[in-house]
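Notes follow once the structure below has been shown.
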Amino acid sequence: MNILVSTLLSVCAVSSSFVFSNETNTFSYMGISVQNVNFENVNFTPSLDTNLQEPLKYQEDTSSGMGARIFIGQNFNEFIAIETGFSMLPKSDFKVIEDITKTDGTTEVKVHHKGEFSTLSLDFRAIGSYPITDNIFLRAQLGAYAFDNQFETLTQNVDGLLIVNEKDRGVSLLSGIGFGYGFSKNIAMTLDLENTKVADISTKIISLGIMIRL
Numbered sequence: 001m002n003i004l005v006s007t008l009l010s011v012c013a014v015s016s017s018f019v020f021s022n023e024t025n026t027f028s029y030m031g032i033s034v035q036n037v038n039f040e041n042v043n044f045t046p047s048l049d050t051n052l053q054e055p056l057k058y059q060e061d062t063s064s065g066m067g068a069r070i071f072i073g074q075n076f077n078e079f080i081a082i083e084t085g086f087s088m089l090p091k092s093d094f095k096v097i098e099d100i101t102k103t104d105g106t107t108e109v110k111v112h113h114k115g116e117f118s119t120l121s122l123d124f125r126a127i128g129s130y131p132i133t134d135n136i137f138l139r140a141q142l143g144a145y146a147f148d149n150q151f152e153t154l155t156q157n158v159d160g161l162l163i164v165n166e167k168d169r170g171v172s173l174l175s176g177i178g179f180g181y182g183f184s185k186n187i188a189m190t191l192d193l194e195n196t197k198v199a200d201i202s203t204k205i206i207s208l209g210i211m212i213r214l
């Protein structure tokens with residue numbers, strides 16, 4: 001993907017745009033996108049065997065989830081734009097639970113410990129577009145991805161299990177490719193595949209967005 005991004009960027013320059021032929025393509029825009037986010041190898045128990053002593057059980061959900069992003073941008077022409085956005089990413093989490101059988105025979109789940117991997121982000125990106133038809137265009141983007149992450153992990157000491165809370169703020173490289181479709185001179189939809197890192201964890205994002213010309 002990085003090779004393709006570099007190639008498209010070198011051809012198109014860096015940025016984002018709608019495609020409207022024979023019109024001046026200098027304008028501001030705003031939009032919103034839904035994101036399917038996949039964190040690779042989130043490890044909530046780096047120093048602990050998850051086969052806990054009965055009756056405790058360990059459960060985790062580190063699969064992909066849905067997030068959201070709002071953004072504003074400036075389109076300079078049909079090839080080049082800049083954009084900044086704010087994202088709320090989905091949470092991955094874990095629990096240490098115990099199944100308790102009540103006197104009436106029903107089962108109650110008691111949560112002893114829980115933690116999560118949660119992230120907010122602010123990005124600044126340049127996006128290059130290349131028109132295929134009057135309505136369809138390719139996109140490539142490159143930018144900076146600033147994240148504010150909270151990562152709670154499970155460990156053990158002489159007193160038993162405990163939660164370790166780590167906070168991490170940083171900036172990672174963001175790259176992506178995609179395409180868009182202009183419904184009119186005021187509205188376009190985009191679909192992008194993006195790569196970045198959050199707290200040193202590789203993060204892949206599929207983003208479906210709607211852009212509105214201001």
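Using the UniProt record's numbering, the first residue of the sequence shown is number 1, and each one after it goes up by one.
We put the CB at the ideal spot given by N, CA and C, even for glycine.
- Distance from the CA of A199 to the CA of G105, rounded to the nearest whole angstrom, comes to 45 angstroms.
- By the C-beta criterion, the stretch 88-106 is judged not to be in contact with the stretch 122-130, since fewer than 3 inter-stretch pairs fall below 8 angstroms.
- Counting along the chain, the unbroken beta strand (DSSP E) around Q150 starts and ends at 136-157.
- By the beta-carbon neighbour count (other beta carbons within 10 angstroms, threshold 16), T203 is buried.
- By the beta-carbon neighbour count (other beta carbons within 10 angstroms, threshold 16), S63 is exposed.
- For the set F94, T84, E78, the Cα lying nearest the Cα of L154 is the one of F94.
- If you ignore the 5 residues before and after Q59, its C-beta comes within less than 7 angstroms of the C-beta of F94, K95, I97, all in its own chain and listed in chain order.
- If you draw a 10 Å sphere on the C-beta of M211, you find 16 or more other C-beta atoms in it, and that means buried.
- When only Cα atoms are considered, G160 and G178 end up about 48 angstroms apart.
- Residues of the same chain with a CB within less than 6 angstroms of the CB of M189, apart from the 5 flanking positions on each side, are Y181, I210 in chain order.
- For the 8 angstroms CB-CB criterion, R69 and S33 form a contact.
- Judged by beta-carbon spacing, F147 lies within the 8 angstroms limit of G170, meaning their Cβ atoms are closer than that value.
- Around the beta-carbon of V164, fewer than 16 other beta-carbon atoms lie within 10 Å, marking it exposed.
- The beta carbon of L138 sits closer than 6 angstroms to those of Y130, F179, all from its chain and outside the five residues before and after it, given in chain order.
- For F117, the closest C-alpha among the options L193, F27, T45, L52 is that of T45.
- For E116, the three-state secondary structure derived from DSSP is strand.
- Per DSSP, the continuous beta strand (DSSP E) segment holding N38 begins and ends at 27-39.
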